[in-house]
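Data first, discussion second: the structure below is written as structure tokens.
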Amino acid sequence: EKQEVGPKMMKWKDRGTTKNLQEVILGRCYSYVMARYPQLGDKDCLKIWESLKHAFIYKNPCNITSEDYEPLMELATHPIPCNKSLLWSKTSDLVHRYTKSNQNFLTLEDTLLGYMADRVSWCGDPSDPGINYESCPKRSECESNPNSVFWKMASKLFAEAACGVVQVMLNGSVEAGAFRSSSIFGSIEIFNLNPDKVSEVHIWLMHDIGGPQSESCSGHSIKRLKSILEDRNFKITCVDNYRPVQLLQCVHNPDHTDCRLCT
Ligand code: C8R
């Protein structure tokens, strides 16, 4: 006998929900709370998973709002020490290698929220089982999808929480310019830094070893960034190829001329 086939799930252009999402989120949550930052104490990982699930399950994945994530953000939030926040744009691999080797700085992925969600995706669908493992909407298909809304909201809260000196690692090898006002850094984070709490913004402009230096600290997009931040009353500095980070790049390219001690 042929079985009744229910309504089909929507087909989207991005990858679907990560397999075993619940186990991945719970595993990362426990490992963050128990192994990495035991001083965090009373985080309820099961509740955190439930609140993430309820943000998107059975919902139209083009209709997600920040309200959907409020309970999750509330449960997962924790203090971030002053002078430690590190923002970035188009330097994802390098910045995370750097924070792994240098405990002085924290990116969003080094907070509980970002740690759980990094390189994981999720989205819902009104038909059973309420989670779409096949595909999820791309930003070009709809802005208000679960992953975009999540990263925008988490980035906003991360920027709001910053205090003291804030560091930013940008990519000087990007042809379109190191600072792009359409990025999350350029459209959300810089406008949510609190001038009453943040005194200075230090830009580290890195270029790929062996790659083009499309832009330096005197470049056009950096000038635009500086003037936006100065108008908001922050003191700005910019360093080309900040040495502690360049040394880390050189670990992977020890013989390159850019990595020689005397140039
Ligand atoms: N931030 C934004 N996006 C993040 C992220 C993060 O911490 N972590 C991940 N994995 N992503 P980009 P940007 C994913 O263009 O737009 C915060 C999201 O899918 O290189 O300027 C962070 O605090 C997102 O769409 O950078 C950082 O300072 C892309 O990666 C900025 O915002 C964004 O990658 C970076 O956002």
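Sequential numbering of the sequence shown, starting at 12, is according to the working numbering.
Built from N, CA and C at the ideal position, the CB exists for glycine as well.
These numbers were taken from a predicted model, which means no experiment stands behind them.
> How many angstroms separate the CA atom of Leu276 from the CA atom of Ser238?
Replying inline: The chain is shown from 12 up to 274; residue 276 falls before or after that span and cannot be answered.
> When you compare only the Cα positions, how much space is there between Val212 and Met21?
Replying inline: Your numbering for residue 212 matches position 201 in the sequence shown. Your numbering for residue 21 matches position 10 in the sequence shown. Going from the Cα of Val212 to the Cα of Met21 covers about 43 Å.
>> What does the alpha-carbon distance come out to for the pair Ala173 and Ile233?
In response: If you number the sequence shown from 1, residue 173 lands on position 162. If you number the sequence shown from 1, residue 233 lands on position 222. Approximately 21 Å between the Cα atoms of the pair.
> In its own chain, which residues sit with a C-beta less than 7 Å from the C-beta of Lys95, not counting the 5 before and 5 after it?
Replying inline: Locating residue 95 in the sequence shown gives position 84, counting from the first residue. Cβ neighbours of Lys95 beyond the five flanking positions: Asn115, Phe116, Leu117.
>> Please give me, in chain order, every unbroken run of the beta strand (DSSP E) with length at least 3 that falls completely inside the stretch 192-249.
In response: 209-217
>> Helix, strand or coil for Ile68? Go by DSSP, reduced to three states.
In response: Along the sequence shown, read from residue 1 onward, the residue named residue 68 stands at position 57. Coil, per DSSP.
> In the stretch 43-131, which residue ranges form an unbroken alpha helix (DSSP H) of at least 4 residues, counting only runs that do not cross its ends?
Replying inline: 56-67, 77-87, 103-112, 123-128
>> Taking the alpha helix (DSSP H) that Gly183 belongs to, which residues open and close that run?
In response: If you number the sequence shown from 1, residue 183 lands on position 172. From DSSP, Gly183 is part of no alpha helix (DSSP H); its letter is neither H nor E.
> Sorted by chain position, which residues of the same chain lie with C-beta nearer than 6 Å to Cys153's C-beta, five sequence neighbours on each side aside?
Replying inline: By one-based count along the sequence shown, residue 153 stands at place 142. Answer for Cys153: Cys73, listed in chain order.
> How many Å lie between Asn137 and Gly221 at the Cα?
Replying inline: As a working note, residue 137 is residue 126 in the sequence shown. As a working note, residue 221 is residue 210 in the sequence shown. According to the sequence as given, residue 137 is Pro; it is not Asn. Taking the straight line joining both Cα atoms gives about 49 Å.
> Among the residues of its own chain, which have a CB less than 6 Å from the CB of Asp79, if the five just before and after it don't count?
Replying inline: Position 68 of the sequence shown, counted from the start, is the residue given in the question as residue 79. If we look at Asp79 and ignore the five residues flanking it on each side, its Cβ neighbours are Ala66.
> Where do the N-terminal and C-terminal ends of the alpha helix (DSSP H) with Lys163 fall, by residue?
Replying inline: Taking the first residue of the sequence shown as position 1, residue 163 is located at position 152. Its alpha helix (DSSP H) spans residues 157-172.
> Rounded C-beta distance between Trp23 and Lys149? I'm assuming under 8 Å.
Replying inline: Sequence index remark: in the sequence shown, residue 23 carries index 12 (1-based). Sequence index remark: in the sequence shown, residue 149 carries index 138 (1-based). Confirmed, about 7 Å.
> According to the Cβ coordinates, are Glu145 and Gly27 closer than 9 Å?
Replying inline: Against the sequence shown, residue 145 aligns to sequence position 134. Against the sequence shown, residue 27 aligns to sequence position 16. Yes; because the gap between Cβ atoms is below 9 Å, this pair is in contact.
> Looking at the unbroken alpha helix (DSSP H) that takes in Arg39, where does it start and where does it end?
Replying inline: Position 28 of the sequence shown, counting from 1, holds the residue named residue 39. From DSSP, the alpha helix (DSSP H) with Arg39 extends over 32-41.
> Which residues in the same chain as Phe161 place their Cβ atom closer than 7 Å to its Cβ, once the five residues preceding and following it in sequence are excluded?
Replying inline: Taking the sequence shown and counting its residues from 1, one reaches residue 161 at position 150. Taken in chain order, the residues that qualify are Tyr80, Ala128.
> Going by other Cβ atoms of all chains shown within 10 Å of its Cβ, with 16 needed for buried, is Asn31 buried or exposed?
Replying inline: For the purposes of this step, residue 31 is identified with residue 20 of the sequence shown, where counting begins at 1. By the neighbour-count rule (16 or more Cβ atoms within 10 Å), Asn31 is not buried but exposed.
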